[in-house]
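Residue numbers (my numbering), protein chains in the order written: chain U, 81 to 419; chain S, 81 to 419. Every residue gets a Cβ at the ideal spot worked out from N, C-alpha and C, and that includes glycine.
There are 2 protein chains.
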Amino acid sequence: MANQREIADRAKTSLKTVSRVINQDPLVNPQTRARIEAIIAEIGYEPHQAARMMRSQRSNIIGFLADRVATTSSSIELVRGAQDAAWEHGKQMMLFNIERGTQSHRNADAQLAAFRAESVIYAARFHQPVTLPPASVPHILLNCFDPKSRHHSVVPDDYQLAETLTKIVMERGFRRPIFLNLPETIVAAELRAAAIVATARKFGVDMTGRIHTAVFEQRGEVRFAADEILRPLMAAPVGERPDLIICGQDVLAMNVYFVLADLGLSVGRDVGLASFDNLEPIASLLRPGLSTMQLPYYEMGRAAMLMAIEPPPGPVQVLELPGRFIERQSLGQQSPLTT
Amino acid sequence: MANQREIADRAKTSLKTVSRVINQDPLVNPQTRARIEAIIAEIGYEPHQAARMMRSQRSNIIGFLADRVATTSSSIELVRGAQDAAWEHGKQMMLFNIERGTQSHRNADAQLAAFRAESVIYAARFHQPVTLPPASVPHILLNCFDPKSRHHSVVPDDYQLAETLTKIVMERGFRRPIFLNLPETIVAAELRAAAIVATARKFGVDMTGRIHTAVFEQRGEVRFAADEILRPLMAAPVGERPDLIICGQDVLAMNVYFVLADLGLSVGRDVGLASFDNLEPIASLLRPGLSTMQLPYYEMGRAAMLMAIEPPPGPVQVLELPGRFIERQSLGQQSPLTT
DNA sequence: ATGAAAGCGCTAACAT
DNA sequence: ATGTTAGCGCTTTCAT
Numbered sequence: 081m082a083n084q085r086e087i088a089d090r091a092k093t094s095l096k097t098v099s100r101v102i103n104q105d106p107l108v109n110p111q112t113r114a115r116i117e118a119i120i121a122e123i124g125y126e127p128h129q130a131a132r133m134m135r136s137q138r139s140n141i142i143g144f145l146a147d148r149v150a151t152t153s154s155s156i157e158l159v160r161g162a163q164d165a166a167w168e169h170g171k172q173m174m175l176f177n178i179e180r181g182t183q184s185h186r187n188a189d190a191q192l193a194a195f196r197a198e199s200v201i202y203a204a205r206f207h208q209p210v211t212l213p214p215a216s217v218p219h220i221l222l223n224c225f226d227p228k229s230r231h232h233s234v235v236p237d238d239y240q241l242a243e244t245l246t247k248i249v250m251e252r253g254f255r256r257p258i259f260l261n262l263p264e265t266i267v268a269a270e271l272r273a274a275a276i277v278a279t280a281r282k283f284g285v286d287m288t289g290r291i292h293t294a295v296f297e298q299r300g301e302v303r304f305a306a307d308e309i310l311r312p313l314m315a316a317p318v319g320e321r322p323d324l325i326i327c328g329q330d331v332l333a334m335n336v337y338f339v340l341a342d343l344g345l346s347v348g349r350d351v352g353l354a355s356f357d358n359l360e361p362i363a364s365l366l367r368p369g370l371s372t373m374q375l376p377y378y379e380m381g382r383a384a385m386l387m388a389i390e391p392p393p394g395p396v397q398v399l400e401l402p403g404r405f406i407e408r409q410s411l412g413q414q415s416p417l418t419t
Numbered sequence: 081m082a083n084q085r086e087i088a089d090r091a092k093t094s095l096k097t098v099s100r101v102i103n104q105d106p107l108v109n110p111q112t113r114a115r116i117e118a119i120i121a122e123i124g125y126e127p128h129q130a131a132r133m134m135r136s137q138r139s140n141i142i143g144f145l146a147d148r149v150a151t152t153s154s155s156i157e158l159v160r161g162a163q164d165a166a167w168e169h170g171k172q173m174m175l176f177n178i179e180r181g182t183q184s185h186r187n188a189d190a191q192l193a194a195f196r197a198e199s200v201i202y203a204a205r206f207h208q209p210v211t212l213p214p215a216s217v218p219h220i221l222l223n224c225f226d227p228k229s230r231h232h233s234v235v236p237d238d239y240q241l242a243e244t245l246t247k248i249v250m251e252r253g254f255r256r257p258i259f260l261n262l263p264e265t266i267v268a269a270e271l272r273a274a275a276i277v278a279t280a281r282k283f284g285v286d287m288t289g290r291i292h293t294a295v296f297e298q299r300g301e302v303r304f305a306a307d308e309i310l311r312p313l314m315a316a317p318v319g320e321r322p323d324l325i326i327c328g329q330d331v332l333a334m335n336v337y338f339v340l341a342d343l344g345l346s347v348g349r350d351v352g353l354a355s356f357d358n359l360e361p362i363a364s365l366l367r368p369g370l371s372t373m374q375l376p377y378y379e380m381g382r383a384a385m386l387m388a389i390e391p392p393p394g395p396v397q398v399l400e401l402p403g404r405f406i407e408r409q410s411l412g413q414q415s416p417l418t419t
């Protein structure tokens, strides 16, 4: 590919004037500028990033370490949000799919160091505490946070998510909900449980004893306990058994659809169902479609990139972004199910 | 970060000797080498990629354009395979999530040009023909191919996939299968239909009239027709109705589980079900689990990266890789369902 | 086995 | 408004 020297020769001008045109320096004669721009367009010149990086001593590169993020379709929005924000600010984002602590992580770190990345975003799959190895470059934690507050972070506002959902179902008249929660090691689990308890209480509903951990992780394997939990509970008489099941994530909700079918119960008619994630294609493929709280992943990605480009001064920040309710049919169509 | 000059000064040697150590040139005195390596480890030096690129006039960068690939969890394996192969060969992979023809595509192309990428892999979501805009750098098509044979490509061997599956179900005694196919615009659809017809015929089964297009795309929206197709067919007497439903993709199969439940039929007992993709978490969350043909995405990603690093000489190649059968319970546990 | 010098393409700093 | 010079960190080339 051509270089600025060649463009300068063709335009009968100096190297520096070409550089000025390319870098949008206003101090250039409009005619000269037009001549140079025409040549650039003609030969399809692109400035050489490596040369820029060397001379200017700035890489303009932000790393993005996606810790298996892409294996869940909704959290890929984290990547999209960050990428869009990077381009809007003239930054180059270098994206890696890694697994924390493995060779893929070390390789990505080495490559980012070799390119002199100015900062790095680390994105996790679940809202959780994460301790990164010490690094020479600023790190922003995305969908996770540092327990020792050494890095800024961007997370979903899980309290707000659960509060919003609880308010909606309470207003629709559900009075005997149960909550099938994520493992307690995931921060989202306690935040949501607290929000559900507090919000339900305002409607005169006591959630004590109605919250069950239904997802377990053993040796990297995920196990759902929906079957054991629901079977006895749903055997109670219609007026006493749960009228609503709130699931900690959409894949658990999918499991619950099958468990309920086994019990001869119909989602949306015999019992309401709601969840967290809006994980496609599952959420809209289930019948009836799953009403769920969508996590604000795109906005979180954008926010993290802005923090990476210009880290806020002062104390370490934890930015919490709100999610929104996605309505499908799993809460029932018309009046509340409860009598 | 430090540079080779500083290392040379500290080691009381010349710049060039440091460079030799870093680039594994054998012509260095072992003691000098040890001294220099100790210093490198101590200060955590990483060679400056930009400087290397400039001087050597080689970027060592391969671009990877993932066209919404990450939005399906299984095809992220394409990325993993390519990334692993790149690192094994000392190449840097630059990964982008794009949508073909949009601003995201142009931005990624510009960034790759600015970094002087040596070749580019373009990965599509479905095995299909794709025409890329002309480019100055070699392109490898992944999970798609150029109808005018201008680029090498790597695709799944959809004929083999369908042949393998058909053989398995025939050997288990299924004799009245139907095939719910993908849209005819997707190449996989005709390859699989042809393989199913030819393989079933060897077992004395005529598939004429038993293949239905069940997935339609209108204005970017996907619509399944499983309900309209299955309702009349499954109403036939037990000995005449289909004993097996083969689905063109796992999400369609998921839809079929719900349609069958509506019809009062039980997967694995009343009718067998098999599919293509092995899309997690869907395939293993369905009850009973979905038996499906896994597409060879990881190997395809590796193969594409090898082609990108060293394009095969001679005519344009289309590399077809085989998939394998993943058994769960949707074909039934014991004897064939057919009597 | 080691070193000196040149230069990749660009922009910062300093003229004119 | 335009041009000249120097140098970013590295590897290539050519000496020793």
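Check your understanding: Can you list, in chain order, the residues of its chain whose CB lies under 6 Å from that of U:ALA305, leaving out five sequence neighbours each side?
Key -> In the first sequence, counting from the first residue as 1, residue 305 of chain U sits at position 225. Counting only Cβ-Cβ distances below 6 Å, and skipping sequence neighbours, we find ALA294.
Practice item. Give the secondary structure of U:PRO110 by DSSP, where H, G and I count as helix, E and B as strand, and everything else as coil. Key: On the first sequence, position 30 is the one that residue 110 of chain U refers to. Three-state result, U:PRO110: helix.
Check your understanding: When the distance is taken between beta carbons, is U:ALA363 closer than 8 Å to U:LEU353?
Key -> Working through the first sequence from its first residue, we reach residue 353 of chain U at position 273. Working through the first sequence from its first residue, we reach residue 363 of chain U at position 283. No, the Cβ-Cβ distance between U:LEU353 and U:ALA363 is not below 8 Å.
Check your understanding: Under 8 Å, do S:GLU360 and S:SER153 count as touching if we go by C-beta distance?
Key -> Mapped onto the second sequence, residue 360 of chain S falls at position 280. Mapped onto the second sequence, residue 153 of chain S falls at position 73. For S:GLU360 and S:SER153, yes; Cβs fall inside 8 Å.
Check your understanding: Looking only at DSSP bridge pairs, what is S:LEU175 linked to?
Key -> As a first step, residue 175 of chain S must be located in the second sequence, where it is residue number 95. Answer is U:LEU175, S:PHE144.
Point to revise | Under 9 Å (Cβ pairs) to chain U, residues found in the region 122 to 134 of chain S | key: GLY124, GLU126, PRO127, HIS128, GLN129, ALA130, ALA131, ARG132, MET133, MET134
Review point. Buried or exposed: which applies to S:GLY381, given that a residue is buried once 16 or more other Cβ atoms fall within 10 Å of its Cβ?
Key: Numbered from 1 along the second sequence, position 301 holds the residue referred to as residue 381 of chain S. Buried is the call here.
Exercise for review: Decide if U:ASN109 is buried, meaning its Cβ has at least 16 other Cβ atoms within 10 Å, or exposed.
Suggested key: Taking the first sequence and counting its residues from 1, one reaches residue 109 of chain U at position 29. Classification of U:ASN109: exposed, given that the 10 Å Cβ count is below 16.
Check your understanding: For chain U, is any of its Cβ atoms less than 8 Å away from the one on S:LEU375?
Key -> In the second sequence, residue 375 of chain S corresponds to position 295, counting from 1. S:LEU375 does not count as touching chain U.
**Study point:** Contacts around U:ALA280, its chain only, beta-carbon distance under 8 Å, and the 5 residues preceding and following it disregarded
**Key:** By one-based count along the first sequence, residue 280 of chain U stands at place 200. These residues qualify, in order along the chain: THR246, MET250, PRO257, ASP286, MET287.
Exercise for review: Give every residue of the same chain whose Cβ lies closer than 8 Å to the Cβ of S:ASP226, excluding the five residues on either side of it in the sequence, and list them in chain order.
Suggested key: Your numbering for residue 226 of chain S matches position 146 in the second sequence. Cβ within range, chain order: PRO209, VAL210, THR211, LEU212, SER233, VAL396.
Check your understanding: If we cut at 8 Å on Cβ distances, does S:MET380 have a partner in chain U?
Key -> Working through the second sequence from its first residue, we reach residue 380 of chain S at position 300. No - not a single Cβ of chain U is within 8 Å of the one on S:MET380.
Review point. If the cut is a Cβ gap below 8 Å, which residues of chain S does U:ILE156 touch?
Key: Within the first sequence, the letter at position 76 stands for residue 156 of chain U. Near U:ILE156 (Cβ distances below 8 Å), the residues of chain S are ALA150, THR151, ASN177.
Point to revise | Inter-residue Cα distance where the pair is U:ASP330 and U:LEU260 | key: Indexing the first sequence from 1 puts residue 330 of chain U at position 250. Indexing the first sequence from 1 puts residue 260 of chain U at position 180. Approximately 11 Å, taken between the alpha carbons.
Exercise for review: Using a Cβ-Cβ cut-off of 8 Å, state whether U:PHE296 counts as contacting chain S.
Suggested key: Within the first sequence, the letter at position 216 stands for residue 296 of chain U. So, not an interface residue.
**Study point:** Positions along the region 193 to 205 of chain U whose CB lies within less than 8 Å of some CB in chain S
**Key:** ALA193, ALA194, PHE195, ARG196
Check your understanding: Which residues mark the beginning and the end of the alpha helix (DSSP H) in which U:ASN187 is found?
Key -> Position 107 of the first sequence holds residue 187 of chain U. Start and end: 183 to 194.
Review point. Name the chain U residues that come within less than 7 Å of S:ASN335, Cβ to Cβ?
Key: For this step, residue 335 of chain S is matched to residue 255 along the second sequence. The contacting residues are LEU365.
Check your understanding: Do three or more CB pairs link the region 147 to 161 of chain U to the region 171 to 187 of chain U at distances below 8 Å?
Key -> yes
Practice item. Could you say which of S:ASP238, S:ASP237, S:PRO236, S:HIS219 lies nearest to S:SER229 if we only look at CA atoms? Key: Stepping through the second sequence from its first residue, residue 229 of chain S is reached at position 149. Among S:ASP238, S:ASP237, S:PRO236, S:HIS219, the Cα nearest to that of S:SER229 is on S:HIS219.
Practice item. Pull up the distance between the alpha-carbon of S:ALA194 and that of U:MET133, whole angstroms please. Key: Walking along the second sequence from the start, residue 194 of chain S turns up at place 114. Walking along the first sequence from the start, residue 133 of chain U turns up at place 53. If I take the Cα positions, the gap works out to 11 Å.
Exercise for review: Please state whether DSSP places U:GLY300 in a helix, a strand or coil.
Suggested key: Within the first sequence, the letter at position 220 stands for residue 300 of chain U. Looking at U:GLY300 - three-state DSSP - the assignment turns out to be coil, as it is neither helix nor strand.
Review point. Which residue or residues does DSSP assign as beta-bridge partners of S:ALA354?
Key: Counting from one through the second sequence, the residue named residue 354 of chain S turns up at place 274. DSSP, once it has assigned bridges, lists S:ILE326, S:SER371 as partnering S:ALA354.
Review point. From S:MET373 to U:PHE356, what distance separates their C-alpha atoms?
Key: Within the second sequence, residue 373 of chain S is the residue found at index 293, counting from 1. Within the first sequence, residue 356 of chain U is the residue found at index 276, counting from 1. Approximately 30 Å between the Cα atoms of the pair.
Review point. Does U:ALA384 have its Cβ less than 8 Å from a Cβ in chain S?
Key: Position 304 of the first sequence, counting from 1, holds the residue named residue 384 of chain U. Answer no: the Cβ-Cβ gap between U:ALA384 and chain S never drops below 8 Å.
Practice item. Kindly indicate which residue of S:VAL318, S:ARG113, S:ILE248 has the alpha-carbon position closest to the one of S:ARG349. Key: As a position in the second sequence, residue 349 of chain S is number 269, starting the count at 1. Checked all of S:VAL318, S:ARG113, S:ILE248; the closest Cα to S:ARG349 is S:VAL318.
Check your understanding: Relative to chain S, which residues along the region 338 to 369 of chain U have a C-beta separation below 7 Å, given in chain order?
Key -> PHE338, ALA341, PRO361, ILE362, LEU365, ARG367
Practice item. Under 8 Å by Cβ, that's how I've got U:VAL336 and U:CYS327 pegged, so tell me the actual separation to the nearest angstrom. Key: The residue given as residue 336 of chain U occupies position 256 in the first sequence. The residue given as residue 327 of chain U occupies position 247 in the first sequence. So it is a contact: roughly 6 Å between Cβ atoms.
Exercise for review: Can you grab the Cα-Cα spacing for the pair S:HIS292 / S:ILE389, in whole Å?
Suggested key: Residue numbering aside, residue 292 of chain S sits at position 212 when the second sequence is read from its first letter. Residue numbering aside, residue 389 of chain S sits at position 309 when the second sequence is read from its first letter. Computed Cα separation, rounded: 41 Å.
Review point. Taking just the CA atoms, how far does U:ASP238 sit from U:GLU400?
Key: Along the first sequence, read from residue 1 onward, the residue named residue 400 of chain U stands at position 320. Along the first sequence, read from residue 1 onward, the residue named residue 238 of chain U stands at position 158. Whole-angstrom Cα-Cα distance: 8 Å.
Point to revise | DSSP three-state assignment for S:ASN83, whether helix, strand or coil | key: Locating residue 83 of chain S in the second sequence gives position 3, counting from the first residue. It is coil, neither helix nor strand.
Exercise for review: Return the first residue and the last residue of the alpha helix (DSSP H) that U:ILE266 is part of.
Suggested key: By 1-based counting over the first sequence, the position of residue 266 of chain U is 186. It is not in any alpha helix (DSSP H) - U:ILE266 carries neither H nor E in the DSSP assignment.
Point to revise | DSSP state of S:SER233 mapped onto helix, strand, coil | key: Your numbering for residue 233 of chain S matches position 153 in the second sequence. Strand.
Point to revise | Span of the alpha helix (DSSP H) around S:LEU212 | key: Numbered from its first residue, the second sequence carries residue 212 of chain S at position 132. Run containing S:LEU212: none; DSSP gives neither H nor E here.
Point to revise | S:GLN208 - DSSP class collapsed to helix/strand/coil | key: Stepping through the second sequence from its first residue, residue 208 of chain S is reached at position 128. S:GLN208 falls in the strand class under three-state DSSP.
**Study point:** Contact belief for U:MET385 with U:ALA130 at Cβ below 8 Å, rounded distance in angstroms
**Key:** Residue numbering aside, residue 385 of chain U sits at position 305 when the first sequence is read from its first letter. Residue numbering aside, residue 130 of chain U sits at position 50 when the first sequence is read from its first letter. Contact flag wrong, Cβ pair sits at about 23 Å.
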